[in-house]
Amino acid sequence: VEMSRYLSPIKDIKYLWRLFKIIKKERFDVVITFATKPNIYGAPAARLAGVPKIAVAVRGLGRTFQLPQNIKSKILQEIVSIMLRFSFWCSTFVWFTNPGEEKFCLENHMLTQDKTVLTVNAIDVRYFSVEAVLPGKIESLRKEFDISESNKVVIMVARLVWSKGIREFAEAAEILRKRFPDLRFLLVAPLETGSSQAVPESYIRKIENCANFTWIEFRKDIRDLYALADLAVLPSYYKEGGYPRALLEPMAMGKPVIAADTPDCRAPVEPGKNGFLVPPRDSVALAQRIEQIITNPVLIKTFGQYSKIKVNKEYDDRMVAKKIIQHIGLV
1 VEMSRYLSPI
11 KDIKYLWRLF
21 KIIKKERFDV
31 VITFATKPNI
41 YGAPAARLAG
51 VPKIAVAVRG
61 LGRTFQLPQN
71 IKSKILQEIV
81 SIMLRFSFWC
91 STFVWFTNPG
101 EEKFCLENHM
111 LTQDKTVLTV
121 NAIDVRYFSV
131 EAVLPGKIES
141 LRKEFDISES
151 NKVVIMVARL
161 VWSKGIREFA
171 EAAEILRKRF
181 PDLRFLLVAP
191 LETGSSQAVP
201 ESYIRKIENC
211 ANFTWIEFRK
221 DIRDLYALAD
231 LAVLPSYYKE
241 GGYPRALLEP
251 MAMGKPVIAA
261 DTPDCRAPVE
271 PGKNGFLVPP
281 RDSVALAQRI
291 EQIITNPVLI
301 KTFGQYSKIK
311 VNKEYDDRMV
321 AKKIIQHIGL
331 V
């Protein structure tokens, strides 16, 4: 269902009405909503349509709660809080993967404890597997991006907004460029529009002039790009939801990871076992940790092995799905 990513009363009313009509027509037994706007409007639409089981899956509370504090942002945050409170009331339960966000919603009286379910985030470990990559695909990507087998590759997959750590990633590439000319940085980030946090295309184009930095826009073959890489990083200070896929997916592919040391990023990383944590907004620390891993083949191998073991043990989507299905009461 088409929707506007930003608050727009007329468009949002139309979006709510379209959701209601579809849900009413299909007569679903269960509706689970994901993402900020579907979470706000999906549960009321489902309740209005008479759906017996409704779950709101909170994966971050959206950009509204990250805006600089001023009168306008406080009013907007209060409006969104009221809308979320009503949506949670309409739901059977609210599914969190970030204990910090669960705590925030409870402390702000958006819901009561008996309505919450807390799990980790999870991924399809069968899909995100090196064994699932088609033969010849990595070689094809090497030719596409002019990457030789002697190059080490650091990848970052994110939205093109400042709070994802785009500047820190670019600056780390510049710090390491002269001393490690064979080190390549790949940024996979579709161009963002309409957000005050959006990174201008001109900034990325300027960074891309450096021989070691490549900006890749929207791609469907993320798994293959992870297979190509030696290390994945996410220096984000965005509200990631607790278990960012940009860390879990490369971990499942057997890659070491580096993340910002924030409540929203740190959970999948065990420092010294499958990667490192760095202070947010610290390009120098990020560069140092990248250097530490990328210059040590033993760390690349052992950290990568531990990453894969950790994901298979803790973040397999089959385990999380089983818990949610049981909670809904379908088994």
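Just so it is clear: in the sequence shown, position 104 is 104 by UniProt numbering, and no numbers are missing.
Ideal placement from N, C-alpha and C gives every residue a C-beta, glycine not left out.
None of the values given here were measured: they were computed from a predicted structure.
Mapping the DSSP letters down to three states, classify residue i as helix, strand or coil.
i: Val320; result: helix
i: Gly83; result: It is Met, not Gly, that sits at residue 83 in the sequence shown. Correct three-state label for Met83: helix.
i: Leu16; result: helix
i: Thr116; result: strand
i: Leu141; result: helix
i: Ala198; result: strand
i: Val284; result: helix
i: Val94; result: strand
i: Phe327; result: As written in the sequence, residue 327 is His, which differs from the Phe given in the question. Note: His327 maps to helix in three-state DSSP.
i: Ser307; result: helix
i: Glu314; result: helix
i: Leu111; result: coil
i: Val1; result: coil
i: Leu299; result: helix
i: Cys210; result: coil
i: Leu106; result: helix
Report the residue from the options whose alpha carbon sits nearest the alpha carbon of residue i.
i: Leu176; options: Ile216, Pro9, Ala321, Ser283; result: Ser283
i: Ala122; options: Phe276, Val80, Ala252; result: Ala252
i: Val51; options: Lys25, Gly60, Ser148; result: Lys25
i: Gly254; options: Val56, Lys53, Val125, Ala173; result: Val125
i: Thr36; options: Pro244, Leu84, Leu231, Pro271; result: Leu84
i: Glu101; options: Trp89, Ala170, Val120; result: Val120
i: Leu187; options: Ile22, Phe218, Met110, Gln288; result: Phe218
i: residue 377; options: Thr116, Gly62, Pro235; result: Only positions 1 to 331 of the chain appear in the structure, and residue 377 is not among them; the question remains open.
i: Asp317; options: Asp230, Arg245, Pro68; result: Arg245
i: Lys308; options: Phe145, Val130, Ala158; result: Val130
i: Glu144; options: Ala46, Lys178, Trp215; result: Trp215
i: Gly42; options: Asp12, Arg179, Pro297, Thr112; result: Asp12
i: Asp230; options: Ala172, Pro297, Ile222; result: Pro297
i: Arg223; options: Leu134, Asp146, Ala211, Ile207; result: Leu134
i: Thr92; options: Lys178, Asn108, Pro44; result: Pro44
i: Gly62; options: Glu270, Lys72, Gln77, His327; result: Gln77
i: Arg159; options: Glu174, Gln197, Ala57, Thr302; result: Gln197
i: Pro280; options: Pro38, Glu270, Thr262; result: Thr262
i: Asp29; options: Arg47, Leu16, Trp89, Pro181; result: Arg47
i: Pro250; options: Arg205, Ala57, Lys310; result: Lys310
i: Gln292; options: Lys152, Arg27, Lys206; result: Lys152
i: Leu67; options: Ser195, Val58, Val269; result: Ser195
i: Leu7; options: Pro38, Lys21, Ile23; result: Pro38
Thinking residue i and residue j are a contact (beta carbons under 8 Å), I'd like their distance in whole angstroms, please.
i: Ile155; j: Tyr237; result: Not confirmed; about 19 Å, so no contact.
i: Val233; j: Glu192; result: Going by Cβ atoms, the distance from Val233 to Glu192 rounds to 19 Å, so no, they are not a contact pair.
i: Val278; j: Ala260; result: 6 Å
i: Gly275; j: Ile258; result: 5 Å
i: Leu228; j: Ile324; result: 33 Å between Cβ atoms; not a contact.
i: Leu248; j: Tyr315; result: 5 Å
i: Ile294; j: Leu183; result: 6 Å
i: Pro171; j: Gly60; result: According to the sequence as given, residue 171 is Glu; it is not Pro. In fact, because the Cβ distance is near 25 Å, the residues do not count as touching under 8 Å.
i: Lys185; j: Asn212; result: The question names Lys, but residue 185 is Phe in the sequence shown. With a Cβ gap of about 6 Å, Phe185 and Asn212 count as contacting.
i: Val199; j: Ile147; result: With 8 Å as the limit, Val199 and Ile147 do not qualify as a contact, their Cβ atoms being about 23 Å apart.
i: Arg27; j: Val1; result: With 8 Å as the limit, Arg27 and Val1 do not qualify as a contact, their Cβ atoms being about 17 Å apart.
Is it buried or exposed, residue i, if we count other Cβ atoms within 10 angstroms and call 16 or more buried?
i: Tyr127; result: exposed
i: Trp95; result: buried
i: Glu168; result: buried
i: Ile32; result: buried
i: Ala287; result: buried
i: Asn70; result: exposed
i: Cys265; result: buried
i: Asn98; result: buried
i: Leu16; result: buried
i: Ala173; result: buried
i: Ser163; result: buried
i: Leu118; result: exposed
i: Phe34; result: exposed
i: Leu330; result: exposed
i: Ala319; result: Here the sequence assigns Met to residue 319, which means Ala is not the residue at that position. Counting Cβ neighbours within 10 Å, Met319 comes out exposed, since fewer than 16 surround it.
### Message
So within the region 213 to 280, which uninterrupted beta strand (DSSP E) runs reach at least 3 residues, ignoring any that extend past its ends?
### Response
213 to 216, 231 to 234, 257 to 260, 275 to 278
### Contiguous alpha helix (DSSP H) assignments of at least 4 residues, all confined to the region 21 to 77
36 to 48
### Task
Output the residue ranges of the beta strand (DSSP E) runs that lie fully inside the region 114 to 195 and measure 3 residues or longer, sorted by chain position.
116 to 118, 152 to 157, 183 to 188
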